[in-house]
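Undergrad: Once you've had a glance at the structure underneath, I'll fire off some questions.
In structure tokens, the structure reads:
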């Protein structure tokens with residue numbers, strides 16, 4: 172019954188390492204999103220994509236990039252991880268006609284040492 | 485100032501209590517209002533969805549939107565320990581491109597048996 176899968180639930184990386192967070196959805200959704208969640212700050216949008224090969228910056232894109240080579244897969248990339256990127260990362264998707272009913276993955280908790 | 489402000493909590497209540505969770509927002513263009521529930525170590529799930537002003541009831545849950553005061557509320561009647569979770573309000577403008585939501589900070593609720 173899993174619809175949005177984030178393959179890495181817990182990661183520990185060192186400062187300067189390149190980090191890939193993978194997200195796969197099996198609902199044939201057009202729109203996909205990456206949020207980060209921090210205590211007291213809620214969910215903040217990093218990047219989103221409305222179609223394959225398309226990407227748009229969210230509110231906090233600095234230090235991140237994304238890749239969407241296939242409709243079902245949306246990857247978040249930290250080119251050079253820093254300690255202030257320690258956070259919970261949430262992937263979500265929605266059908267183009269599905270208004271605002273996001274389906275979220277379980278999250279990837281990243282710790283950068 | 486954040487576009488959506490939510491009482492951060494945490495909130496602890498005894499079983500059976502009535503719970504009130506609240507958010508305020510600043511943009512009068514916001515027309516879609518949602519409440520997501522997030523259990524520990526899980527992604528958020530949609531709990532309630534309303535469009536424009538008014539009330540919506542679903543079992544023990546009531547979502548209320550007052551656009552004149554830009555106030556969003558979620559009421560939980562006869563609260564249960566299984567309601568213990570983080571509750572996130574979210575909103576989007578009328579021109580929203582499917583799924584690009586603005587979230588509040590989240591309120592952590594604990595219902596004690």
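Protein chains in written order, with the numbering used here: chain A, 172 to 284; chain B, 485 to 597. Virtual Cβ for every residue (Gly too), placed ideally from N, Cα, C. Source: prediction; values computed, not measured.
Measure from the alpha carbon of residue 601(B) to the alpha carbon of each residue in 493(B), 501(B), 495(B), 515(B), then state which is nearest.
TA: Within the shown structure, residues of chain B are numbered from 485 to 597, placing residue 601(B) beyond reach of any answer.
Undergrad: What is the DSSP secondary structure of residue 253(A), reduced to helix, strand or coil?
TA: Reduced to three states, the DSSP call for residue 253(A) is coil.
Undergrad: Would a check of beta-carbon distances place residue 234(A) closer than 8 Å to chain B?
TA: Closer than 8 Å: no.
Undergrad: Going by DSSP, which residues form a beta bridge with residue 556(B)?
TA: Its beta-bridge partners are 507(B), 549(B).
Undergrad: So what does DSSP say about residue 209(A), is it helix, strand or coil?
TA: Three-state DSSP puts residue 209(A) in a strand.
Undergrad: Taking CB distances under 8 Å as the criterion, tell me whether residue 551(B) reaches chain A.
TA: False, the Cβ-Cβ gap to chain A never drops below 8 Å.
Undergrad: Would you mind telling me which residues of chain A sit closer than 8 Å to residue 530(B), beta carbon to beta carbon, in chain order?
TA: Correct list: 272, 273.
Undergrad: For residue 177(A), which beta-bridge partners are listed by DSSP?
TA: Note: residue 177(A) sits in a beta bridge opposite 194(A).
Undergrad: In angstroms, rounded to a whole number, what distance separates the CA positions of residue 561(B) and residue 494(B)?
TA: Whole-angstrom Cα-Cα distance: 18 Å.
Undergrad: Cα separation between residue 496(B) and residue 568(B)?
TA: Using only the alpha carbons, I get a separation of about 9 Å.
Undergrad: Taking 8 Å as the threshold (beta carbon to beta carbon), is residue 265(A) in contact with chain B?
TA: Yes, residue 265(A) counts as interfacial toward chain B.
Undergrad: Taking Cβ positions only, does residue 219(A) come closer than 8 Å to chain B?
TA: Yes - at least one Cβ of chain B is within 8 Å of the one on residue 219(A).
Undergrad: Check the Cβ-Cβ distances between residue 585(B) and every residue of chain A, and say whether any is below 8 Å.
TA: Yes, because at least one Cβ of chain A sits closer than 8 Å to the Cβ of residue 585(B).
Undergrad: Looking at chain A, is there any beta carbon in it that lies within less than 8 Å of the beta carbon of residue 493(B)?
TA: So, not an interface residue.
Undergrad: Mind checking which residues open and close the beta strand (DSSP E) that includes residue 538(B)?
TA: 538-542 is the extent of the beta strand (DSSP E) around residue 538(B).
Undergrad: For a contact defined as C-beta to C-beta under 7 Å, what are the partners of residue 527(B) on chain A?
TA: Within 7 Å Cβ-Cβ: 261, 275, 276, 277, 278.
Undergrad: Buried or exposed: which applies to residue 258(A), given that a residue is buried once 16 or more other Cβ atoms fall within 10 Å of its Cβ?
TA: Classification of residue 258(A): buried, given that the 10 Å Cβ count is 16 or more.
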